[in-house]
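Just so you know, the first sequence maps onto residues 100 to 703 in the working numbering.
Glycine included, each C-beta is placed from N, C-alpha and C at the ideal position.
As structure tokens, the structure follows; a few thoughts come after it.
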Amino acid sequence: MPLPYNQRTCYCGEVGLDRVGQTVLLCGWVHIRRDHGGMVFIDLRDRSGIVQLKFNPETDPTAHEVAGRLRTEYCIAVRGQVAPRPADMVNPNLATGKVEVNVHEIDLLSTSETPRFPVDDDINVKDELRLEYRFLDLRRPVMQKALITRHRAVKIIRDYFDKLGFVEIETPFLTKSTPEGARDFLVPSRKHLGTFYALPQSPQLFKQLLMMSGFDKYMQIVRCFRDEDSRKDRQPEFTQLDVEMSFVQIDDVIRVAEGYLVRVWKEILGVDLTPPFPRMPYQQAMLEYGVDRPDTRYDLRIKDVSDIARRTEFKVFTGVLDAGGAVRCIRVPGGAAIPQSEIEKADDSLQNILRGIGAGGLPYVKVEAGPSGPPAFKTGVAKFFNPERTAELVAATGAQPGDAIFFAADKSADNVCKFLARLREEVARRRGFIPAGMWNFLWVIDFPLLEYRAEDARYYAVHHPFTAPLDEDLPLLDTDPLKARAKAYDVVVNGTELAGGSIRIHRGDVQQRVFKLLGMSPEEQQLKFGFLLKALQYGPPPHGGFAMGVDRMVMLLQGLDNLLDTFSFPKTQEFFCPLTEAPSPVAQAQLDELGLKLAAPAKK
RNA sequence: GGGGCCGUAGCUCAAUUGGUUUAGAGCGCCGCCCUGUCACGGCGGAGGUUGCGGGUUCGAGUCCCGUCGGCCUCGCCA
100 MPLPYNQRTC
110 YCGEVGLDRV
120 GQTVLLCGWV
130 HIRRDHGGMV
140 FIDLRDRSGI
150 VQLKFNPETD
160 PTAHEVAGRL
170 RTEYCIAVRG
180 QVAPRPADMV
190 NPNLATGKVE
200 VNVHEIDLLS
210 TSETPRFPVD
220 DDINVKDELR
230 LEYRFLDLRR
240 PVMQKALITR
250 HRAVKIIRDY
260 FDKLGFVEIE
270 TPFLTKSTPE
280 GARDFLVPSR
290 KHLGTFYALP
300 QSPQLFKQLL
310 MMSGFDKYMQ
320 IVRCFRDEDS
330 RKDRQPEFTQ
340 LDVEMSFVQI
350 DDVIRVAEGY
360 LVRVWKEILG
370 VDLTPPFPRM
380 PYQQAMLEYG
390 VDRPDTRYDL
400 RIKDVSDIAR
410 RTEFKVFTGV
420 LDAGGAVRCI
430 RVPGGAAIPQ
440 SEIEKADDSL
450 QNILRGIGAG
460 GLPYVKVEAG
470 PSGPPAFKTG
480 VAKFFNPERT
490 AELVAATGAQ
500 PGDAIFFAAD
510 KSADNVCKFL
520 ARLREEVARR
530 RGFIPAGMWN
540 FLWVIDFPLL
550 EYRAEDARYY
560 AVHHPFTAPL
570 DEDLPLLDTD
580 PLKARAKAYD
590 VVVNGTELAG
600 GSIRIHRGDV
610 QQRVFKLLGM
620 SPEEQQLKFG
630 FLLKALQYGP
640 PPHGGFAMGV
650 DRMVMLLQGL
660 DNLLDTFSFP
670 KTQEFFCPLT
680 EAPSPVAQAQ
690 LDELGLKLAA
700 PAKK
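See the structure below:
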């Protein structure tokens with residue numbers, strides 16, 4: 100019998116003791132049916148939770164008859180009376196477990212095929228299948244919670260920035276390709292045959308132009324597109340909080356960014372962060388942690404022991420040092436207890452993991468109490484350390500009996516960083532050095548402005564080509580560009596880069612100098628960035644800002660290690676959408692209209 | 001772009017060195033029974049082109065080649 104489902108009285112999860120005696124009208128999906136032949140129980144689910152419905156054949160034969168035909172995921176509306184459960188029938192596992200609804204009327208709104216997987220929190224199903232049936236996957240309470248949390252985080256951001264006087268301004272999705280940086284997604288133009296728009300990798304230049312337009316506080320929650328291979332924490336399209344401000348220095352931007360992070364963590368997690376967050380120069384991060392996004396929840400800091408290594412007889416050490424490399428190590432407290440197999444034998448041994456990223460091996464020593472007092476080394480490369488070198492290394496690392504010391508040696512110091520950074524992570528995880536519930540926020544600052552890539556023999560911008568150098572490093576652009584530091588900053592939390600930004604170049608002459616350093620001729624500069632250089636001629640204000648990965652933030656807030664569940668409709672690693680089957684071939688007529696001819700027939 | 005692992009019932013998995021008939025199990029599904037369950041229970045049942053194509057072999061889920069898809073990883077991601 101038809102029920103006025105538009106007159107729903109409340110959500111399932113809101114049916115509690117306070118509603119006992121009330122008549123409620125509920126809408127939702129059949130979570131599970133328990134049919135006793137006589138009495139039928141249905142768990143009804145909506146986005147708020149689950150409540151038990153009771154169908155009694157004696158009092159409500161018509162409704163009971165319908166209930167007997169219900170199956171999982173049928174969509175129904177019911178009207179009935181809320182009743183307390185008998186004391187011994189209370190279900191403590193259900194938020195609404197103290198009550199049930201005696202259903203008098205039911206309306207079967209639609210039936211359902213048997214779902215390909217249960218609509219439950221704990222499922223063990225391949226991601227691909229979940230994506231194909233994403234509409235069912237998203238019915239699962241844990242997913243509903245994830246998307247609602249995402250909504251709340253975004254709402255907090257908008258409220259926060261609105262209150263501070265920021266204006267949210269949309270920027271184009273169909274824009275100009277900028278070959279610098281990631282690979283662009285291209286969109287062919289029908290009006291201008293043979294030319295292409297690119298989807299924005301970020302609204303970087305538009306937000307700078309908005310500063311030149313006088314909107315001195317801009318923000319946008321915006322989709323960005325990068326056609327680079329995905330990872331479990333990377334999707335081809337993702338969402339950024341994009342912020343830009345005029346007349347600011349680094350500290351001003353950092354204060355604004357810290358403010359919203361504090362609010363989000365407080366309001367979503369109830370966690371009190373205490374600004375200002377610590378700041379760490381890039382150099383220190385690389386030396387002590389091996390990465391520009393240090394996880395400071397555990398120590399295991401890297402020590403450079405090149406001086407000691409040089410005076411050993413170990414050819415691996417002396418060899419890389421002669422070649423201008425470095426020898427560094429980390430001390431692992433209690434590391435002597437790590438079994439040999441885990442260090443060098445097993446398939447997933449530390450050594451094999453390091454070899455997988457290019458290390459030659461994993462030299463190490465275990466530390467034990469020496470016969471006459473001072474610690475001694477054993478196993479591994481212990482034999483290359485005479486008593487003097489041993490004492491020096493013990494002093495340098497603070498090693499105690501029972502520890503292990505792992506070395507990385509390479510003729511490239513960058514590689515040494517890479518190896519030990521990976522080792523830190525791996526050891527911390529395996530040895531349980533990562534404390535739960537800790538949120539270590541920090542700013543990494545003083546990034547180099549440029550890096551040099553030998554493969555095409557030119558400089559590249561570490562952040563992006565619009566980042567300003569530190570004022571005192573400006574002269575270095577002509578003398579020693581690699582030494583110039585940038586007015587750039589990244590927020591790192593627990594080893595994840597969450598946001599990054601910079602003060603931008605707001606002087607045309609400086610911008611052209613940087614472009615030139617990046618190997619761009621004046622003609623090329625005009626071709627690629629003429630509009631920026633033009634705008635810089637009309638009273639550009641000093642400005643800077645940052646961008647933050649919203650998806651990544653939501654991932655952190657929910658304790659996920661996978662970005663997929665922060666998106667409503669994500670894609671697989673190969674950028675395929677199992678739900679819509681995008682991308683797909685298009686009609687020949689569409690290609691003709693765009694003046695496109697395929698070099699090879701489309702697959703599938 | 002490179003490397004690795006994987007693909008068997010609706011789902012998650014099993015199937016000895018290539019060899020036993022009809023490729024199994026749990027869950028789910030279908031039917032009947034059951035008035036207080038909430039992991040409901042009992043009895044019965046259906047369900048498979050082992051991703052796809054080729055090859056080796058007396059014989060292939062198992063071995064080889066190709067292909068499609070998924071995941072991990074290196075490169076890449078200013």
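- Assignment of Q348 by DSSP, reduced to helix, strand and coil, places it in the coil class.
- I349 sits close to Y588, with the two beta carbons spaced by under 8 angstroms.
- At the C-beta level, L492 and I407 come within 8 angstroms of one another.
- Under the three-state reduction of DSSP output, Q319 falls in the strand class.
- G599 sits in a strand when the DSSP states are folded into three classes.
- Annotated three-state conformation of Y388 is helix, per DSSP.
- The residue from M537, A527 and P568 with its alpha-carbon nearest to that of P547 is P568.
- As a beta-bridge residue in DSSP terms, R133 pairs with F140.
- Here D509 carries a strand assignment [DSSP, helix/strand/coil].
- Taken through DSSP and simplified to helix, strand or coil, K225 comes out as coil.
- Counting along the chain, S405 sits inside the alpha helix (DSSP H) bounded by residues S405 to R409.
- In the DSSP assignment, C428 forms a beta bridge with K402 and F506.
- Looking at the DSSP output, K477 sits in a beta bridge with K465.
- With a beta-carbon spacing of about 4 angstroms, L230 and P677 fall inside the 8 angstroms limit used to define contacts.
- A check of alpha carbon separations from F506 across L453, Q334, W364 and V352 identifies L453 as the nearest.
- When secondary structure is reduced to three states using DSSP, D220 falls in the coil class, being assigned neither helix nor strand.
- In the DSSP assignment, G167 falls within the alpha helix (DSSP H) that extends over P160 to R168.
- For R378, DSSP records a beta bridge to W542.
- For V123, the secondary structure class from DSSP, reduced to helix, strand or coil, is strand.
- For F614, the enclosing alpha helix (DSSP H) starts and ends at G607 to L616.
- The residue from I604, R330 and K510 with its alpha-carbon nearest to that of D660 is R330.
- Of the residues assessed, F376 falls on the buried side of the cut-off, its CB having 16 or more other CB atoms within 10 angstroms.
- Using a Cβ-Cβ distance cut-off of 8 angstroms, the region 237-246 and the region 261-276 are not in contact, since fewer than three pairs of beta carbons, one from each stretch, lie closer than that value.
- In this structure, the straight-line span from the alpha carbon of S211 to that of L143 is close to 14 angstroms.
- Distance between Q319 and D221, taken at the CA atoms: about 35 angstroms.
- Excluding five sequence positions before and after E269, the CB atoms of its chain that fall closer than 7 angstroms to its own CB belong to Q319, given in chain order.
- Residue pairing by DSSP places Y551 opposite Y558 in a beta bridge.
- Annotated as proximal: L461 and E443, with beta-carbon spacing under 8 angstroms.
- It is roughly 17 angstroms from the alpha-carbon of V592 to the alpha-carbon of R521.
- Under the DSSP assignment, V592 falls in the beta strand (DSSP E) whose first and last residues are A587 to V592.
- Within a 10 Å sphere around the beta-carbon of S620 sit fewer than 16 other beta-carbons, which makes this residue exposed.
- Taking 8 angstroms as the cut-off, the beta carbon of A162 is found no closer than this to the beta carbon of L125.
- Just so you know, the alpha carbons of N223 and R612 end up roughly 56 angstroms apart.
- Between N155 and N201, the C-beta gap is smaller than 8 angstroms, which places the two residues in contact.
- Between V123 and C109, the C-beta gap is smaller than 8 angstroms, which places the two residues in contact.
- G424 is classed as buried because its beta carbon has at least 16 other beta carbons within 10 Å across all chains shown.
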